[in-house]
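Colleague: Let me give you the structure first, and then I'll get to my questions.
In our numbering, the protein residues as written are 2 to 171.
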C-alpha cells in the first residue's frame with residue numbers, strides 16, 4: 002500500500018513538472034464510488050451538472066468515468082496535473098498502438114518512467130462532459146489506477162468537499 006501511495010505521489014510531482022509544456026502545446030494546437038447527478042446533458046458541446054462522490058474507506062474518491070465513450074474506473078486526484086491513464090486501458094480504447102513512442106520522462110517514487118501525451122476527445126463524469134482534455138498514458142504496468150487530474154478538474158465551475166462528499170459542478 003505504501004509503495005502505491007509513493008508511486009502516486011511521485012507521479013503527481015512528475016506530472017506537475019511537465020504541465021507547462023502541456024499547456025504550451027495545447028495553446029499551439031488551438032484545441033478547444035457513488036455518484037448522483039442533478040442535470041442531464043444536451044448537445045455535443047461541453048455540458049454540466051452537479052456530481053456528488055462519496056469517499057471510499059481510505060478517504061479517496063473513486064468513480065467510473067468515460068473517456069472517448071469508453072467506461073473506466075478512476076481516482077479523482079487534485080494533485081495530478083493531467084488525466085493519467087493506465088497503458089492497458091488506453092490500449093483497449095485505441096489511444097496507443099504497438100510502436101508508439103513514450104517520450105515524456107516522468108519521475109515516480111519507483112524512479113524514472115515514460116509516458117505518452119494524448120488528447121482525449123471527451124471525458125465524462127456522470128452528466129459532466131469536458132471535450133479536448135490533455136492526458137498522459139503511462140508505460141505498461143506502471144499505473145495501478147487511472148487518475149482524473151487537473152486537466153479535467155480545472156475546467157469545472159467548482160469542486161469541493163462538502164459534508165464528506167466531493168462535489169463537482171460544471
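Ideal Cβ placement from N, Cα and C applies to all residues, glycine included.
According to the Cβ coordinates, are residue 87 and residue 167 closer than 9 Å?
Modeller: Mapped onto the chain shown, residue 87 falls at position 86. Mapped onto the chain shown, residue 167 falls at position 166. Result no, Cβ atoms of residue 87 and residue 167 do not sit closer than 9 Å.
Colleague: State buried or exposed for residue 104, treating a residue as buried only when at least 16 other CB atoms are found within 10 Å of its CB.
Modeller: Indexing the chain shown from 1 puts residue 104 at position 103. Exposed is the call here.
Colleague: Secondary structure at residue 62, three-state DSSP: helix, strand or coil?
Modeller: Residue 62 sits at position 61 when you count from the first residue of the chain shown. Residue state, collapsed to three classes: coil.
Colleague: Cα-Cα, which of 146, 119, 55, 75 is closest to residue 135?
Modeller: Residue 135 sits at position 134 when you count from the first residue of the chain shown. Checking every option, the nearest Cα to that of residue 135 belongs to 119.
Colleague: Quick one: what does DSSP say residue 87 is sitting in, helix, strand or coil?
Modeller: Within the chain shown, residue 87 is the residue found at index 86, counting from 1. Of the three classes helix, strand and coil, the one that applies to residue 87 here is coil, per DSSP.
Colleague: Verify whether the separation of the beta carbon atoms of residue 114 and residue 107 is less than 9 Å.
Modeller: Counting from 1 along the chain shown, the entry for residue 114 is found at position 113. Counting from 1 along the chain shown, the entry for residue 107 is found at position 106. Yes, the Cβ-Cβ distance between residue 114 and residue 107 is below 9 Å.
Colleague: Would you call the segment 88-103 and the segment 141-159 touching, i.e. three or more CB-CB distances under 8 Å?
Modeller: With the cut-off at 8 Å, the segment 88-103 and the segment 141-159 touch.
Colleague: Would you decide whether residue 93 is buried or exposed? Buried here means 16 or more other CB atoms lie within 10 Å of its CB.
Modeller: On the chain shown, position 92 is the one that residue 93 refers to. Residue 93 is exposed by the Cβ-count criterion.
Colleague: Do residue 149 and residue 171 have their beta-carbon atoms positioned less than 9 Å apart in this structure?
Modeller: Here residue 171 refers to the residue found at position 170 when the chain shown is read from its first residue. Here residue 149 refers to the residue found at position 148 when the chain shown is read from its first residue. No.
Colleague: How long is the line joining the alpha carbons of residue 64 and residue 132, rounded to whole angstroms?
Modeller: To locate residue 64, count along the chain shown from 1; it is residue 63. To locate residue 132, count along the chain shown from 1; it is residue 131. One C-alpha to the other measures close to 19 Å.
Colleague: Output the distance between the C-alpha atoms of residue 51 and residue 76, rounded to the nearest integer angstrom.
Modeller: The residue labelled residue 51 in the question sits at position 50 within the chain shown. The residue labelled residue 76 in the question sits at position 75 within the chain shown. Whole-angstrom Cα-Cα distance: 18 Å.
Colleague: Would you report the Cα separation of residue 100 and residue 122, rounded to the nearest angstrom?
Modeller: Residue 100 sits at position 99 when you count from the first residue of the chain shown. Residue 122 sits at position 121 when you count from the first residue of the chain shown. If I take the Cα positions, the gap works out to 22 Å.
Colleague: How far does the beta strand (DSSP E) with residue 157 in it extend, from its first residue to its last?
Modeller: Looking up residue 157 in the chain shown gives position 156. Segment: none, residue 157 is in no beta strand (DSSP E) and carries neither H nor E.
Colleague: Can you give the beta carbon distance from residue 126 to residue 73, rounded, assuming they're within the 8 Å contact cut?
Modeller: Residue 126 sits at position 125 when you count from the first residue of the chain shown. Residue 73 sits at position 72 when you count from the first residue of the chain shown. Incorrect: roughly 11 Å between the Cβ atoms, too far for contact.
Colleague: Between which two residues does the beta strand (DSSP E) harbouring residue 96 extend?
Modeller: Walking along the chain shown from the start, residue 96 turns up at place 95. Segment: none, residue 96 is in no beta strand (DSSP E) and carries neither H nor E.
Colleague: On the premise that residue 137 lies in contact with residue 83, defined as a C-beta separation below 8 Å, what is that separation, rounded to the nearest angstrom?
Modeller: In the chain shown, counting from the first residue as 1, residue 83 sits at position 82. In the chain shown, counting from the first residue as 1, residue 137 sits at position 136. Contact holds; Cβ gap of about 5 Å.
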